[in-house]
Structures are given as C-alpha cells and as structure tokens.
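Comments concern the structure below.
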Ligand code: PBG
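Residue numbers (our numbering): 180 to 490.
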C-alpha cells in the first residue's frame with residue numbers, strides 16, 4: 180500500500196542492433212546476452228518483445244560500409260531504414276518502433292556529425308544531414324525519432340523537416356542531457372564504431388548539472404515531445420531536476436556499460452542479477468523517469484509478469 184514507485188513492462192524500451200550483411204545474429208562480446216540481429220532474425224526478436232508487453236524498441240543500424248557523410252543513414256535502403264520497415268510490419272500496434280537518428284553508426288570517422296575541413300564536427304552542416312535522415316526514417320515507418328547526436332538546434336531542424344514533408348504527427352524523442360560518458364564503451368563495440376578521439380565537443384561534461392537542465396529546456400522550447408537523460412544511474416540528479424520542470428514525458432537510458440557491469444558482476448556471483456536489475460530500473464523510475472531504455476527490458480518484463488515486484 181505504501182509503495183511509491185511500481186514498474187510496468189509498458190514503461191520499458193529495448194534497444195536493438197541490426198547488422199547489414201549477416202544472416203545469423205552476431206553476439207556482442209562486451210554485452211553478453213545482446214546480439215546484432217540480422218534482418219531475418221529481427222522479426223522473431225520483435226515478436227518476443229511484443230509478447231513481453233514492453234512499450235517499444237529502439238533500433239540502431241550497423242552498416243557494412245561507412246563513409247565521411249554517413250550516407251547509409253540517409254539511404255532508404257540503408258540497414259536501419261530496412262530494419263525499421265521489417266520491425267513495423269512485424270510489430271503492428273503491439274509496440275512503438277523507434278529509431279536512432281544520429282550519424283555515428285554510419286560515418287567512417289565515427290562522429291555523430293559530419294566534419295569541417297579542420298576535422299572538427301560541423302554542427303550546422305550536420306543539421307542538414309539530420310533533416311534528410313529524419314525523412315528517410317519517417318518514410319520507413321519509424322514511429323518515434325530518437326535524436327541522439329547532441330548537435331545544437333537538432334530538434335528544431337528535424338521538426339521543421341518533418342512538418343514540411345507532411346509528418347507533423349511524428350514525434351521526437353530528444354536525447355537532451357546526454358553526457359560524454361565512459362559507460363558507452365560496450366555500445367561502441369556493438370555498432371563497430373570507428374571513433375578516434377572523443378565526443379566532448381558536443382556531449383555534456385559529466386561535472387555539469389545545471390547545463391544538463393539547460394539542454395533539456397532548449398529541446399523543449401524547440402518542440403521535443405519527450406526528453407531524455409543519459410546515462411541513467413550516474414545522472415539521477417539531472418533526471419530528478421528534469422522531471423521537476425518538464426511539461427513533456429521524461430525518459431532515461433540505462434546504457435551499455437551499466438548493462439555490462441551488472442551482467443559481469445552477476446555472472447561472477449557477486450550480486451543477484453534479478454534483484455539488481457529490478458533495483459536499478461526502479462531507482463531510475465523513482466528519480467523521475469516515466470520510461471526507461473534498458474537492454475534488460477524483456478528480462479525485466481518477464482520477471483515482472485512472473486513474480487511481480489521483488490521485495
Ligand atoms: C549515438 C548513441 C550512443 C549511444 C546511443 N546512441 C553512443 C555514443 O553517443 O557514443 C550509447 C548507448 C549505450 O551505450 O548503450 N548514436
């Protein structure tokens with residue numbers, strides 16, 4: 180009776196990787212239990228997610244070829260756009276098919292944007308590519324665009340592109356307070372990132388709490404339908420600040436490194452896997468997240484359905 184926070188499968192979103200040019204799912208070494216799906220293994224995985232009752236899936240593409248401009252992300256036949264079509268056809272109305280709108284999986288330099296002549300990330304030139312990418316994803320049937328690139332003005336630019344092309348009903352999930360984090364390490368394995376250097380010129384400094392909230396406010400003003408804080412567990416203060424002021428839903432992303440730490444420690448018998456999953460996602464919800472992206476989404480949903488909340 181006095182429990183303040185409860186978990187429900189509908190509040191969980193599963194990030195999924197889809198790799199071009201493979202017929203079998205490929206395991207990700209640094210994320211035991213997570214695979215890069217093939218286009219042919221994707222439908223069964225989407226069905227499993229739907230059966231677990233989770234709210235959505237977030238798709239990431241792993242292309243065979245990368246280039247400086249990230250053309251694979253804009254190409255209607257690019258792996259992410261093909262995967263989106265497959266997922267939407269499989270899922271029907273059972274869950275929300277969401278797509279990562281960012282260039283890092285598609286660029287040979289591994290940055291989230293295109294580069295200027297001096298090698299720095301060119302914010303405004305990147306916005307032009309994001310606009311094209313948004314339309315490609317919208318045409319592929321994506322139901323929620325996840326803007327994770329941290330370029331200034333990206334929400335306004337994508338909103339304008341969508342509205343101009345008749346997609347005014349398509350919603351934007353803004354990765355608003357996204358910090359330059361060591362916890363993304365295993366993800367870069369998962370998408371075979373070719374990044375040299377770091378993302379500190381466009382992702383936030385982990386030392387800055389006020390700045391996270393400022394980024395959230397900017398994205399809301401630009402028309403974000405949902406705002407996100409990422410990573411989750413080391414940024415619960417930013418999440419709580421965001422939840423206190425946001426007029427739109429607030430989500431958080433329990434990222435790859437957070438996943439792998441739990442899997443590793445539980446695999447060694449050092450912590451209880453189920454209870455740790457439950458407690459971490461509960462903590463993220465308690466801090467203010469309305470929904471949580473987590474690689475544990477299906478496992479947690481099945482656990483909730485079978486046993487109810489852990490004591
Ligand atoms: C960028 C993106 C990243 C993640 C989600 N979207 C990588 C990055 O910013 O370096 C990380 C997610 C995770 O670690 O699970 N497309």
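Virtual Cβ for every residue (Gly too), placed ideally from N, Cα, C.
Exercise for the section: Report yes or no: do three or more beta-carbon pairs, one from the stretch 225-234 and one from the stretch 466-479, lie closer than 8 Å? Expected result: yes
Handout entry: Beta bridge counterpart(s) of residue 201 as assigned by DSSP
Key = DSSP lists no partner for residue 201.
Exercise for the section: Within the stretch 206-247, note down every full beta strand (DSSP E) run reaching 3 residues or more, in order along the chain. Expected result: 214-216, 235-241
Handout entry: Beta-carbon proximity check, residue 324 vs residue 337, cutoff 8 Å
Key = yes
Practice task
Round the Cβ separation of residue 428 and residue 360 to the nearest angstrom and send it over; I've been treating them as touching at under 8 Å.
Solution key: Actually they do not touch by this definition, with Cβ atoms about 22 Å apart.
Practice task
Return yes when the C-beta of residue 363 is under 7 Å from any heavy atom of ligand 1, and no when it is not.
Solution key: yes
Practice task
Could you tell me the distance, in whole angstroms, from the CA atom of residue 250 to the CA atom of residue 191?
Solution key: 31 Å
Handout entry: CB of residue 287 within 8 Å of CB of residue 256, strictly
Key = no
Practice task
Could you tell me whether the stretch 454-466 touches the stretch 184-202, using the rule of 3 or more Cβ pairs below 8 Å?
Solution key: yes
Practice task
Answer yes or no: does any C-beta atom of chain D fall closer than 8 Å to that of residue 260?
Solution key: In the structure shown, chain D does not exist; there is a single protein chain.
Practice task
Could you spell out the range, first to last residue, of the beta strand (DSSP E) harbouring residue 273?
Solution key: From DSSP, residue 273 is part of no beta strand (DSSP E); its letter is neither H nor E.
Exercise for the section: Determine the DSSP secondary structure at residue 404, reduced to helix, strand or coil. Expected result: coil
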